[in-house]
Structure formats: structure tokens, C-alpha cells
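Report on one structure; see the data block that follows.
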Amino acid sequence: MNKIKLYITACFLLLTAASCKKYLDIQPAGRVIPRTADDFRGLLTFAYSSFPTHKSLLALRTDELVLDEYATDYPAMKDIYSWKDANPDNLTVQFPYVQFYKAIFNANHVIAEVENEAGKTTETAQIKGEAYLLRAYSHFELLNLYAKPYNKATASTDRGVPVSVKIDLEQNYAPATVEAVYAQILADIAAGRELLNVDSFEAGKNYRFTTRAALALLARVRAFRGEWDQALTLSTDALAINNKLENLNSSKVLPIHYQSVENIMSMEKAFDLGSIAMISSHLLGIYDQQNDLRFPLYFSKSGGDYVSLKGNSDALKISFRNGELYLLQAEAAARTNNLPTARESLLQLKASRLKPAYYQTEATRIAGLDQAALIQEILNERERELALEGHRWYDLRRTGQPSLVHSLAGEDFTLQQNDPRYTLRFPKDALANNPNLQ
1 MNKIKLYITA CFLLLTAASC KKYLDIQPAG RVIPRTADDF RGLLTFAYSS FPTHKSLLAL
61 RTDELVLDEY ATDYPAMKDI YSWKDANPDN LTVQFPYVQF YKAIFNANHV IAEVENEAGK
121 TTETAQIKGE AYLLRAYSHF ELLNLYAKPY NKATASTDRG VPVSVKIDLE QNYAPATVEA
181 VYAQILADIA AGRELLNVDS FEAGKNYRFT TRAALALLAR VRAFRGEWDQ ALTLSTDALA
241 INNKLENLNS SKVLPIHYQS VENIMSMEKA FDLGSIAMIS SHLLGIYDQQ NDLRFPLYFS
301 KSGGDYVSLK GNSDALKISF RNGELYLLQA EAAARTNNLP TARESLLQLK ASRLKPAYYQ
361 TEATRIAGLD QAALIQEILN ERERELALEG HRWYDLRRTG QPSLVHSLAG EDFTLQQNDP
421 RYTLRFPKDA LANNPNLQ
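If you count by the UniProt record's numbering, then the sequence shown holds residues 1 to 438, one letter each, in order.
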């Protein structure tokens with residue numbers, strides 16, 4: 001039986017991090033393990049820090065960006081941009097895989113041991129609950145990178161990703177089905193929600209999961225599964241706790257800033273490829289550049305091109321925010337034919353993003369949209385609102401997988417409609433370490 005070595009490798013890689021050496025010596029002799037709530041908080045903090053920054057790479061595969069052929073890192077990115085997945089250049093950056101399992105490995109240790117070692121308290125319950133949510137989110141991201149989008153008719157046979165829920169270096173890590181992975185994700189979210197007891201952390205600690213972040217994640221999961229009634233209830237419940245938005249008519253704070261009033265959880269850096277990619281004409285063209293107040297906050301002119309302002313600071317980290325929740329609420333309502341709620345949610349967001357006169361024009365237009373047109377308008381608004389935050393690739397996957405064309409050095413490359421390349425291949429290193437992924 002093939003035994004995966006990848007996770008053993010991951011564990012030893014963690015030993016190189018000075019901040020958590022005392023936790024991660026997995027040698028039987030002389031190891032020091034966490035004992036107190038503070039120890040487990042430190043271990044979980046390292047698990048959060050292990051979560052990869054991968055969504056910028058996904059943005060290269062969408063219609064949001066144009067790769068700069070003269071950039072220093074062009075050789076490492078060109079095959080991602082041109083969807084050359086079967087035989088990429090050796091210089092090509094690999095999408096993360098083991099990094100997710102680093103986070104999962106540490107979350108598993110917290111789940112298994114925090115209450116045994118540090119007792120059952122409100123604090124340890126919160127820590128354990130966060131670990132469940134981090135494990136769920138890690139598996140969710142893995143699944144949406146390396147497996148087909150959820151299809152209820154085929155999910156029980158579609159290949160998913162390996163599921164890791166215990167510290168067992170001898171476990172046989174074969175991919176589970178998409179349905180089985182989602183079942184584990186949902187079970188972990190449910191277990192975590194039973195334990196979480198903090199609605200929000202202060203700025204600077206809001207990279208952690210909370211009761212609101214758990215609702216936001218679950219709403220996103222239900223939406224990706226097409227379970228719109230549940231997505232509507234969950235997004236509504238999350239907004240009932242805090243429904244604030246940055247009103248860009250009076251505020252110049254980016255909604256993805258970790259101190260934004262609409263921030264729910266700020267673990268992931270939104271975008272970090274500003275030096276090698278420009279904004280595509282497609283993305284620029286979906287904004288009313290004179291009346292949409294997001295445009296000058298999101299983008300800046302650089303020569304003859306535009307570049308993103310969403311990734312020029314470590315303060316711009318986001319995993320979940322209220323802007324997304326309003327759009328989830330609107331889409332879920334529209335897809336269940338609750339058009340008044342869909343319009344209300346969409347317009348609440350637009351009121352905080354558009355100049356007043358233009359908002360009135362938009363409100364009149366949206367009032368006349370039928371269900372199909374309203375759903376499309378909400379998807380268009382997701383493009384505008386959530387640009388370069390890691391949502392576009394996933395939205396393309398779940399809404400028809402349209403054909404895209406990228407040009408490099410005078411040559412066009414096409415991602416066909418429903419192209420198999422809408423699902424990433426497992427990275428070469430992962431395949432080499434785990435034959436079960438073949």
C-alpha cells in the first residue's frame with residue numbers, strides 16, 4: 001500500500017520556522033508539545049500563517065489581468081497565464097498543495113489535544129473551534145483548485161482531494177470524492193460553530209475565525225454547492241450581526257483593509273502580482289469610471305496601463321467581508337426567485353459604491369430587470385466589487401466556464417468553454433510524493 005510521504009515532508013519543513021520549533025519536533029525522543037492555552041494559540045497562529053497566498057496566481061488564469069512580458073518574473077508566470085498545465089516550464093511557479101496540509105496538520109493537532117492538555121474553557125473552545133474552521137477552509141480551497149466544480153449528479157464519483165483529519169503519518173492519503181470532501185468540510189464547520197464564542201476580534205487579530213466568519217464561510221460553501229435557500233439564510237444571519245459597509249461617498253478606506261468596518265476576517269493577502277501584471281481591458285470596461293467610486297480606489301494609471309491598488313500593502317488582507325455577503329445574499333435570493341430581496345441587497349451595496357445621481361439611475365434600471373437579467377447583473381457586480389480578491393476564477397468555474405483568450409508575444413491562447421483546465425492538475429511535487437494522486 002502506497003503511503004504518502006508528502007505530509008511527513010511537510011512536518012519536517014515546519015521545523016525550519018523558528019517561531020514554532022518548540023511545537024513541531026515530531027521526533028519521539030525529546031519533543032516538546034504544547035500544554036497551555038497560550039501554547040495552542042501559538043500553534044494555531046502558525047497554522048494561520050501557513051495558509052498559502054494562491055489567489056493571485058488564480059487571477060492570472062482569469063480575464064482580470066494582462067501579463068507583462070517584460071517583467072522579471074515573466075518566465076515563472078507565462079505558463080500559468082497561457083493555461084499550459086500539461087507540461088509547464090521548469091521555472092513555472094507551482095500552485096500550493098503541501099502548504100494547505102501544513103495548516104491542516106497543525107489544526108489537527110490543536111483539535112486533538114487542546115482540551116486534553118489545557119482543559120475545557122471558553123478560551124480553549126474558541127481555539128479548537130477556529131482549528132476546525134481553518135481545516136474546513138483549507139480543504140475547501142484545495143477542493144476548488146484541484147477538483148471539478150460541485151455537481152450534485154456526479155459529486156459522489158468525481159475525484160476530490162485527500163482528506164486529513166487526524167495526526168497519522170502512516171495514513172494512506174488517497175483522494176476522496178468531491179461529495180465526501182464536502183461532507184467533511186460541512187462537518188468541520190458544524191463542529192467549529194459549536195465551539196466558537198467570539199463574534200469579532202480587534203484589528204490585528206482579525207485573521208482568526210469567529211462566529212461571523214464561520215457563517216460567511218458556510219454561506220460561501222452552500223453557494224458553491226448551489227444550495228441557495230441555505231446560502232440566503234446564512235448570509236442574512238451573518239449580516240444581522242454586522243451589516244456595515246464602507247460608504248465610498250464619504251470614506252476612502254479600501255473595503256479589503258484589515259481595519260475596514262466591513263471586514264470579517266483578514267487572513268489572506270488579496271493580490272501580490274502588481275509588478276508583473278496590468279489590469280485587463282475587460283475588467284476596466286465593466287466600471288463606469290466617472291461614477292463608480294471603486295474605480296480610483298481599486299486602480300491606478302501607470303503609463304498607458306492601469307495597475308491594482310489592492311495589493312500594495314500588508315494591511316490589505318481579506319478572506320471574508322460584508323461586501324461579499326451582500327452579493328451572496330442577492331444572488332441566493334435571485335436564484336430562489338425572491339427578487340425584491342435580491343434587488344434590495346444589490347442596491348444596498350451599490351448605494352455605498354456609486355455617486356448618488358448614478359445610483360438613482362442604477363436603481364431605476366435594476367427595478368425593471370427580470371430574474372435572469374437580475375442574476376446576471378449580480379454576477380457582474382461580483383466582478384466589480386470583488387475584483388482581484390480571488391473570487392473570479394471560482395465564479396467562472398461555477399457559472400458556465402466560458403471561453404477565455406490570452407495573448408502572449410503575438411500568439412493567442414484559448415481556454416475553451418468547459419475546458420478541463422478549469423480544474424488544476426495536482427502539482428508535480430505532490431504527484432511525485434503521493435502516487436495516489438495519479
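C-beta: ideal position from N, C-alpha, C; glycine also.
Can you look up residue i in the DSSP assignment and give me helix, strand or coil?
i, result
"residue 222", "helix"
"residue 166", "coil"
"residue 201", "coil"
"residue 148", "coil"
"residue 39", "helix"
"residue 292", "strand"
"residue 54", "coil"
"residue 269", "strand"
"residue 82", "coil"
"residue 100", "helix"
"residue 93", "coil"
"residue 252", "coil"
"residue 428", "helix"
"residue 61", "coil"
"residue 286", "coil"
"residue 435", "helix"
"residue 127", "helix"
"residue 422", "helix"
"residue 208", "coil"
"residue 116", "helix"
"residue 229", "helix"
"residue 73", "coil"
"residue 47", "helix"
"residue 33", "coil"
"residue 195", "helix"
"residue 141", "helix"
"residue 401", "coil"
"residue 108", "helix"
"residue 186", "helix"
"residue 122", "helix"
Starting from residue i, follow its DSSP beta bridges and name the residues at the other end.
i, result
"residue 67", "277"
"residue 413", "406"
"residue 439", "In the structure as shown, the chain starts at 1 and stops at 438, and residue 439 therefore has no counterpart that could be examined."
"residue 299", "308"
"residue 263", "321"
"residue 257", "316"
Would you say residue i lies against chain B (beta-carbon separation less than 8 Å)?
i, result
"residue 419", "Among the chains of the structure shown, chain B does not appear; only one protein chain is present."
Assign residue i to one of two classes, buried (16 or more other C-beta atoms within 10 Å of its C-beta) or exposed (fewer than that).
i, result
"residue 35", "exposed"
"residue 70", "exposed"
"residue 197", "exposed"
"residue 129", "buried"
"residue 126", "buried"
"residue 427", "buried"
"residue 205", "exposed"
"residue 238", "buried"
"residue 435", "exposed"
"residue 317", "buried"
"residue 455", "Missing from the structure shown is residue 455; the chain here goes from 1 to 438 and no further."
"residue 23", "Per-residue confidence for residue 23 stands at a pLDDT of 32, beneath the threshold of 50, marking its modelled position as unreliable; no derived number is given."
"residue 405", "exposed"
"residue 111", "buried"
"residue 429", "exposed"
"residue 82", "buried"
"residue 432", "exposed"
"residue 311", "buried"
"residue 345", "buried"
"residue 91", "exposed"
"residue 120", "exposed"
"residue 268", "buried"
"residue 88", "buried"
"residue 55", "buried"
"residue 103", "buried"
- Just checking, does the segment 390-397 make contact with the segment 358-375 on the three C-beta pairs under 8 Å criterion? no
- Message: Quick check: the segment 244-253 against the segment 373-389, are at least 3 beta-carbon pairs closer than 8 Å?
- Response: no
- Let me know the alpha helix (DSSP H) ranges lying completely inside the UniProt domain "RagB/SusD" (317-399), each 4 residues or longer, listed in chain order. 322-335, 339-351, 356-367, 371-385 and 392-398
- Between the segment 284-295 and the segment 72-88, do at least 3 Cβ pairs fall closer than 8 Å? no
- Is the segment 148-155 touching the segment 94-111 in the sense that three or more CB pairs, one from each, lie closer than 8 Å? no
- Message: Closer than 8 Å is the cut-off here; do at least three beta carbon pairs connect the segment 181-193 with the segment 134-143?
- Response: Enough Cβ pairs lie closer than 8 Å, so yes.
- So does the segment 336-351 actually touch the segment 305-317, counting three or more Cβ pairs closer than 8 Å? no
- Take every Cβ of the segment 269-276, pair it with every Cβ of the segment 49-67, and state whether three or more of those distances are shorter than 8 Å. yes
- Task: Could you tell me whether the segment 210-219 touches the segment 254-270, where touching means 3 or more Cβ pairs closer than 8 Å?
- Result: yes
- Pairing CB atoms from the segment 220-238 with CB atoms from the segment 324-331, are three or more of them under 8 Å? With a cut-off of 8 Å, the segment 324-331 and the segment 220-238 count as touching, because enough Cβ pairs lie within range.
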